[in-house]
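K.L.:
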Amino acid sequence: MAGTLMTESRVRQVQRRTVVLLSAAQVFGGIGTGATVSIGSILAVELSGSNAWAGAVATVMTLGAALAALPLAALADRRGRRIGQVAGLSAAMAGALLMVLSVVTGLFVLLILGAAGVGIGTAASLQARFAAADLADAEHRGRALSAVVWAVTVGAVTGPNLIQPGAVVGQALGLPPVAGPFVISAVGLLLAVVLLFFGLRPDPLLLARDLAAATAGNQDASQPVGRPVNQPAALQARAPGSLVRGIRAIRASRAALLAVAALVGAHGVMVGVMSMTPLHLQELVAGPGHAGHAPTGDVLVVIGFTISLHIAGMFALSPVMGWLTDKAGRTETIMIGFATIITAVAVAGFGQASTTAVAIGLVLLGVGWSASTISGSTLLAESVGQESRVVVQGVSDMLMGVAGAVGGAASGLVLSQTGYLGLNLAGAVVGAAVLAAAVVARVARRRDSLTP
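So for the sequence shown, our numbering puts the first residue at 6; every next one is plus one.
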């Protein structure tokens, strides 16, 4: 292949292989996030001895993802998607092992450090959706992106339900039962790292750049395919001020602003409500005053099942959301997503006394997040120039992480002051604001299209 331009059929073959590899890695990697989310808040209260720290794990995870998003994007820009993905998932594996150690030693600080590592892995997982789109045709970008997002379903839904099987693993290894799920998470992440490190060749991002450069007549005939040749975006990512340039590129486009608002709003509401739901369910099932105490088996089953359904809502319908994004339109799918989010928090909030209503609300919350995230990501990729795209992707993921961190941190305070209903109503306010912005954008676009 060296010195030659790949045929279209060969590029399609590489694209299909890339999506399969990324999807498999998402399955293994999703286990770690699912297990951490499902029992993180309970473990934080148990190790810290205070309900005030209930949202600490979710906060640190999302903050870790936020802080890692731009560096991982810059690393991918310089070295390719393979190295960026492997680095992020390796950090998550180390985080899972630290969580095991936190349970063994009873040290809260190790739990927090472990959550940060898992958060870095979350950032890598988010960026995998862009890797799936590097070689995709423009008209299929939404569906290619959603295919990898969908693959998270298997691992992420399995994660919360590893609580009881993980306890058996923990006991077999001579560890406390609650450490078992994190052991399984570490093994899954190791498999994902090995799969991508050895399998993701040629690198989709570097190959896409070589093909673009060759098509433009800028690639030297002796340069091997799969190596960076003409990389203005990579040079920008290495230079100081990448964050500023990324923000400027977003601000310069109204469509990009709407896309970022959708990504940030959906993620903030989702993390805020989801992270406090296990604590609410523990009190609902076990009775008032039991939050912060070691949960019983029945409580763990309810929590694991509810979070599994929620994560299934986030990812299982991703292909449908990708198709809807390509067919109905980006802005229209954002509107559908936030209408679903508002419905979700209304069901969960006003039905707070019923585990069934809470579960239904969490499923709808996941579906709304899926629609908003896939359509927002696709709109963002199309709203900025090629030279800014990679940096903008990193900035958008960073802002999503910040929103999640704020949502996770504030959710514990809001829950303690206003209850589960108040927490959900706060999410409804955010959702209504973004929905209104999307409606205004759609009306403006239709008005512009009718203007002679």
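Ideal Cβ placement from N, Cα and C applies to all residues, glycine included.
(1) Answer with yes or no whether the minimum CB distance from F202 to chain D is below 8 Å.
(2) Give every residue of the same chain whose Cβ lies closer than 6 Å to the Cβ of W155, excluding the five residues on either side of it in the sequence, and list them in chain order.
(3) With C-beta atoms as the reference, is L369 less than 8 Å away from A349?
(4) How many angstroms separate the CA atom of W374 from the CA atom of A138?
(5) Within 8 Å, do at least three Cβ pairs link the segment 60-76 to the segment 10-21?
(6) For Q176, count neighbouring Cβ atoms within 10 angstroms of its own Cβ and tell me buried if that reaches 16, exposed if not.
(7) Look at the alpha carbon of V108 and the alpha carbon of G277, and state the distance between them as a whole number of angstroms.
(8) Would you check if the distance between the CB atom of M98 and the CB atom of L26 is smaller than 8 Å?
(9) Which first and last residues belong to the alpha helix (DSSP H) in which A470 is found?
(10) Give every residue of the same chain whose Cβ lies closer than 8 Å to the Cβ of A442, excluding the five residues on either side of it in the sequence, and list them in chain order.
(11) Do three or more CB pairs link the segment 350-366 to the segment 383-392 at distances below 8 Å?
(12) Measuring straight from C-alpha to C-alpha, what distance separates V407 and Q132?
(13) Closer than 8 Å is the cut-off here; do at least three beta carbon pairs connect the segment 45-65 with the segment 108-120?
(14) Alpha carbon to alpha carbon, how far is A149 from A141? Give it in angstroms, no decimals.
(15) Report buried or exposed for A143, applying the criterion of at least 16 other Cβ atoms within 10 angstroms of its Cβ.
(16) Does the Cβ of L211 lie closer than 7 Å to at least one heavy atom of the ligand GDP?
(17) If we call anything under 8 Å between Cβ atoms a contact, is S46 one with S359?
(18) Give me the Cβ distance between V396 and S151, rounded to the nearest whole Å; I'm assuming they're in contact under 8 Å.
(19) Verify whether the separation of the beta carbon atoms of L420 and Q357 is less than 8 Å.
(20) Rounded to whole angstroms, what is the Cα-Cα separation between V188 and I44?
(21) For the alpha helix (DSSP H) holding T378, just list the boundary residues, first then last.
(22) Does the pairing of the segment 435-450 with the segment 332-345 give three or more beta-carbon distances under 8 Å?
(23) For V363 and S258, what's the separation of their Cα atoms in angstroms?
(24) Three or more C-beta pairs closer than 8 Å, one from the segment 84-102 and one from the segment 303-320: is that the case here?
(25) Could you check which residue in G366, A449, G327, L284 has the C-alpha nearest to that of V62?
(26) State the Cα-Cα distance for the pair M403 and V269, rounded to the nearest angstrom.
(27) Would T509 and A449 qualify as a contact pair, given that the criterion is a beta-carbon distance under 8 Å?
(28) The alpha helix (DSSP H) spanning A120 covers which residue range?
(29) Sorted by chain position, which residues of the same chain lie with C-beta nearer than 7 Å to L102's C-beta, five sequence neighbours on each side aside?
(30) Between which residues of its own chain and T163 is the CB-CB distance below 6 Å, once the five residues before and five after are set aside?
(31) Anyone know if the C-beta pair for Q371 and A410 falls short of 8 Å?
(32) Taking L201 and V91 to be in contact with their CB atoms under 8 Å, please state how far apart those CB atoms are, rounded to whole angstroms.
(33) To the nearest angstrom, report how far apart F203 and A120 are at their CA atoms.
(34) Can you give the beta carbon distance from M326 to I379, rounded, assuming they're within the 8 Å contact cut?
(35) Contact defined as beta carbons within less than 8 Å: I believe A30 pairs with A197. What is the distance between those atoms, to the nearest angstrom?
(36) Evaluate Q398 with the Cβ neighbour count: other Cβ atoms within 10 Å of its Cβ, from every protein chain shown; 16 or more gives buried, anything less gives exposed.
P.N.:
Let me spell this out:
(1) Looking for chain D here will not work: only one protein chain is present.
(2) Your numbering for residue 155 matches position 150 in the sequence shown. If we look at W155 and ignore the five residues flanking it on each side, its Cβ neighbours are F320, S323, P324.
(3) As a working note, residue 369 is residue 364 in the sequence shown. As a working note, residue 349 is residue 344 in the sequence shown. Cβ atoms of L369 and A349: closer than 8 Å.
(4) Locating residue 374 in the sequence shown gives position 369, where the first residue counts as 1. Locating residue 138 in the sequence shown gives position 133, where the first residue counts as 1. One C-alpha to the other measures close to 20 Å.
(5) Short answer: they don't touch.
(6) Within the sequence shown, numbered from 1, the residue matching residue 176 stands at position 171. Counting of Cβ neighbours within 10 angstroms places Q176 among the exposed residues, the total staying below 16.
(7) Working through the sequence shown from its first residue, we reach residue 108 at position 103. Working through the sequence shown from its first residue, we reach residue 277 at position 272. Note on geometry: alpha-carbon atoms of V108 and G277 lie some 25 Å from one another.
(8) As a first step, residue 98 is located in the sequence shown; it is residue number 93 there, counting from the start. As a first step, residue 26 is located in the sequence shown; it is residue number 21 there, counting from the start. In this structure, L26 does not lie closer than 8 Å to M98 by Cβ.
(9) Coverage of the chain is limited to positions 6 through 457, which leaves residue 470 absent and any answer about it impossible.
(10) Position 437 of the sequence shown holds residue 442. Its chain contains L263, A266 as the residues whose beta carbon lies nearer than 8 Å to that of A442, once the 5 sequence neighbours on both sides are disregarded; these appear in chain order.
(11) At 8 Å Cβ cutoff, the stretches do not touch.
(12) Counted from its first residue, the sequence shown places residue 407 at position 402. Counted from its first residue, the sequence shown places residue 132 at position 127. So the alpha carbons of these two residues sit roughly 16 Å apart.
(13) Under the Cβ criterion (8 Å, minimum of three pairs), the segment 45-65 counts as touching the segment 108-120.
(14) In the sequence shown, residue 141 corresponds to position 136, counting from 1. In the sequence shown, residue 149 corresponds to position 144, counting from 1. Here the alpha carbons of A149 and A141 stand approximately 7 Å from one another.
(15) Locating residue 143 in the sequence shown gives position 138, where the first residue counts as 1. Label assigned to A143: exposed.
(16) Here there are no bound small molecules, and the ligand GDP is not part of this structure.
(17) Residue 46 sits at position 41 when you count from the first residue of the sequence shown. Residue 359 sits at position 354 when you count from the first residue of the sequence shown. For S46 and S359, no; Cβs fall outside 8 Å.
(18) On the sequence shown, residue 396 is found 391 positions in, with the first residue counted as 1. On the sequence shown, residue 151 is found 146 positions in, with the first residue counted as 1. With a Cβ gap of about 23 Å, V396 and S151 do not count as contacting.
(19) The residue given as residue 420 occupies position 415 in the sequence shown. The residue given as residue 357 occupies position 352 in the sequence shown. By the CB criterion at 8 Å, L420 and Q357 fall outside the cutoff.
(20) By 1-based counting over the sequence shown, the position of residue 188 is 183. By 1-based counting over the sequence shown, the position of residue 44 is 39. In a straight line, the C-alpha of V188 is about 14 Å away from that of I44.
(21) Reading the sequence shown from its first residue, position 373 is the one you call residue 378. Per DSSP, T378 belongs to the alpha helix (DSSP H) from 360-387.
(22) Between the segment 435-450 and the segment 332-345 there are three or more inter-stretch CB-CB distances shorter than 8 Å, so the stretches are counted as touching.
(23) On the sequence shown, residue 363 is found 358 positions in, with the first residue counted as 1. On the sequence shown, residue 258 is found 253 positions in, with the first residue counted as 1. Rounded to whole angstroms, V363 to S258 spans 38 Å at the Cα level.
(24) Pairwise C-beta distances place the segment 84-102 out of contact with the segment 303-320, as fewer than three of them are shorter than 8 Å.
(25) Position 57 of the sequence shown, counting from 1, holds the residue named residue 62. Answer by Cα proximity: L284.
(26) Taking the first residue of the sequence shown as position 1, residue 403 is located at position 398. Taking the first residue of the sequence shown as position 1, residue 269 is located at position 264. C-alpha separation (whole angstroms): 9 Å.
(27) A query on residue 509 cannot be resolved here, the shown segment of the chain reaching from 6 to 457 and no further.
(28) Taking the sequence shown and counting its residues from 1, one reaches residue 120 at position 115. That run of the alpha helix (DSSP H) goes 113-138.
(29) By one-based count along the sequence shown, residue 102 stands at place 97. Hits under 7 Å: A191.
(30) On the sequence shown, residue 163 is found 158 positions in, with the first residue counted as 1. I36, listed in sequence order.
(31) In the sequence shown, the residue the question calls residue 371 occupies position 366. In the sequence shown, the residue the question calls residue 410 occupies position 405. Note that residue 371 is Gly in the sequence shown here, rather than Gln. Contact check for G371 against A410 fails: the beta carbons are separated by 8 Å or more.
(32) As a first step, residue 201 must be located in the sequence shown, where it is residue number 196. As a first step, residue 91 must be located in the sequence shown, where it is residue number 86. Correct: roughly 6 Å between the Cβ atoms.
(33) Within the sequence shown, the letter at position 198 stands for residue 203. Within the sequence shown, the letter at position 115 stands for residue 120. Their Cα atoms are separated by approximately 27 Å.
(34) In the sequence shown, counting from the first residue as 1, residue 326 sits at position 321. In the sequence shown, counting from the first residue as 1, residue 379 sits at position 374. Taking a contact as a CB-CB distance under 8 Å, the pair M326 and I379 counts as one, their CB atoms being some 4 Å apart.
(35) Counting from one through the sequence shown, the residue named residue 30 turns up at place 25. Counting from one through the sequence shown, the residue named residue 197 turns up at place 192. That belief holds up - the Cβ atoms of A30 and A197 are roughly 4 Å apart, short of 8 Å.
(36) The residue you call residue 398 lines up with position 393 of the sequence shown. So Q398 counts as buried.
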